[in-house]
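Data block below; observations after.
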Amino acid sequence: MPTSLRFGASRTRLHPGDAGIELAVPLLAGTADERLWPGTLERVDGDLLTGSEGPWRCVALSVPVTQDMRETTRSAYARLLAALGPAHSLRIWNYVPAINEEAEGLENYRAFCAGRHEAFAAFAGAGFERHFCAASAVGTVEPRLSVIALATEFSVEHLENPFQCPAYHYPPEYGPRSPSFSRASVVAGSEPVFYISGTSAVLGAASVAPGDLPGQLASTGENLLRMLAQGRRVLGAETLAGLEAPFCRVYLRRPEDVPVVQAWLEKQPWFDAGQYMIVQADICRRELLVEIELSWAAHVLNPSADTMPA
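The numbering of the sequence shown is full-length UniProt numbering, which starts it at 1 and goes up by one.
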């Protein structure tokens, strides 16, 4: 049985076996579940679950923020990276409590980025940026840091948007340590997988159309198409076209904006009405209202009876 992510739970729970992962992130529209990968998870260390299935590996961790955010993140990521071991990072989802609030003069997201950066540096040493895979980091009201990671034995290529500054090169005005992720990650070959990170209205390193939802959707859509082009370059147009429609997850700051976002989604060339969800979450920058991620992985990481070959 594949492991699923379920949104809309009253609190976050990481279940061993095939019971899945429940996230305390409100569901606003679309399906409540997204199949994560084909295997099950086993509890190995309290709040840390891991699993392996063929060349794929999954690690999930959820910890209370009892220390400052930076130290909580550094410690959590040290455990997560150790559990992933030598596998190549492919996709990481982060759920950060009160992401835009400040503690001791530092925004929680920036403190999270600092702790994550320090953990990667300690784990991988010089050149640790090569481990930065597709990722997202959004807010949650629950006082827990939850992280879910996928990795693989296959070679992974991490991609950047030519119209955006790589997040790990953001200038100091965006925090004491830059964010540790790439804009997309792809596995080519016989089992192709393609993840586009949580994508927002950012050009260069600057936010576009602050507080303007239609403007941000337009810019976000352009960035998604640019990353689609990058994936097409690596996988080949025929391979990418032969994959199933991507699963789309939308993180939306304001629930009242759902109708506008749904109308916009229906006009996108990659959208499938059976393959999406909209959840309520604060975005990593206060001025941003929406973030969208796309995943082409169902045929490999979350096969079902209707997607498996005969």
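Heads up, the beta-carbon is just placed ideally off N, CA and C, and yes, glycines get one too.
By the Cβ neighbour-count rule, P179 is buried, with 16 or more other Cβ atoms within 10 Å of its own.
The continuous alpha helix (DSSP H) containing V261 extends over residues V258 to L265. Annotation for C113: the continuous alpha helix (DSSP H) segment containing it runs N108 to A124.
Within 10 angstroms of the beta-carbon of H117 lie 16 or more other beta-carbons, which makes it buried. The Cβ neighbour count for Q230, taken over all protein chains shown within 10 Å, is at least 16; the residue is labelled buried.
Taking 8 Å as the cut-off, the beta carbon of L23 is found closer than this to the beta carbon of R6.
Residue environment analysis places P64 among the exposed positions, since fewer than 16 neighbouring C-beta atoms fall within 10 angstroms of its C-beta. When the five nearest sequence neighbours on each side are left out, the beta carbons in the same chain lying within less than 6 Å of the beta carbon of P255 are those of L28 and Q280, in order along the chain. If you ignore the 5 residues before and after H131, its C-beta comes within less than 7 Å of the C-beta of S89, F120 and A124, all in its own chain and listed in chain order. In the three-state scheme derived from DSSP, where H, G and I count as helix and E and B as strand, H15 is classed as coil.
Annotation: A78 to A87 spans about 15 Å, alpha carbon to alpha carbon. If you look at N94, you'll find it in the beta strand (DSSP E) that goes H88 to P97. Within the stretch 157-245, the complete beta strand (DSSP E) runs of at least 3 residues fall at 157-159, 184-187 and 193-199. Contact annotation: V138 and L80 have beta-carbon atoms that are not nearer than 8 Å. Taking C-beta atoms under 8 Å as the contact rule, D272 and A241 fail to qualify, at a distance of about 14 Å. The beta-carbon separation of M277 and R249, rounded to 6 Å, stays under the 8 Å limit for a contact. Within the same chain, and ignoring the five residues on either side of N94 in sequence, the residues whose Cβ sits closer than 6 Å to its Cβ are A137 and V147. If you check the CB distance, S75 and Y195 do not come in under 8 Å.
When the Cα atoms are used, G54 and G215 turn out to be separated by approximately 43 Å. The C-beta distance from V186 to V234 rounds to 5 Å, short enough to fall under 8 Å. Scanning its chain for C-beta atoms nearer than 7 Å, with the 5 sequence neighbours on each side dropped, one finds around E42 the residues P16, L49, T50 and G51, in chain order. Rounded to the nearest angstrom, the gap between the Cα atoms of P172 and V96 is 21 Å.
With a cut-off of 8 Å on Cβ pairs, the stretch 195-209 is in contact with the stretch 150-169, counting three or more such pairs. The residues L213, Q216 and R253, in chain order, have a CB closer than 6 Å to that of L289 in the same chain once the five nearest residues on each side in sequence are set aside. DSSP places A82 inside the alpha helix (DSSP H), whose first and last residues are M69 to L84.
For the pair G211 and E287, the CB atoms are nearer than the 8 Å cut-off. Scanning its chain for C-beta atoms nearer than 8 Å, with the 5 sequence neighbours on each side dropped, one finds around R232 the residues L240, in chain order. Sixteen is the threshold: when 16 or more other Cβ atoms of the shown chains lie within 10 Å of the Cβ of Q275, as they do, the residue is buried. For a cut-off of 8 Å, the C-beta gap from L301 to V193 is around 7 Å, short enough to register as a contact.
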